[in-house]
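Before any comments, here is the structure.
In my numbering, the protein residues as written are 2 to 56.
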């Protein structure tokens, strides 16, 4: 599986909340984020929207 990196800016409060949640679930922050992404509905991207692909 090819992986990508995502860098986000969040408040320290939110980061700590995320980190604490991961610790309670005995998972990494990455695993928690992947779990939430996997819950998102699969949607068809409309090519006419002209959304740039960020790599």
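The beta-carbon is built from N, C-alpha and C at its ideal position, and this holds for glycine as well.
{"Asked": "Between residue 14 and residue 23, what straight-line distance do the alpha-carbon atoms span, to the nearest angstrom?", "Found": "14 Å"}
{"Asked": "Quick check: what's the CA-CA separation for residue 61 versus residue 44?", "Found": "With the chain running from 2 to 56 in the structure shown, residue 61 is simply not present."}
{"Asked": "Output the distance between the C-alpha atoms of residue 19 and residue 4, rounded to the nearest integer angstrom.", "Found": "21 Å"}
{"Asked": "Give me, in chain order, the residues of the same chain whose beta-carbon lies closer than 7 Å to that of residue 37; leave out the 5 immediate sequence neighbours on both sides.", "Found": "none"}
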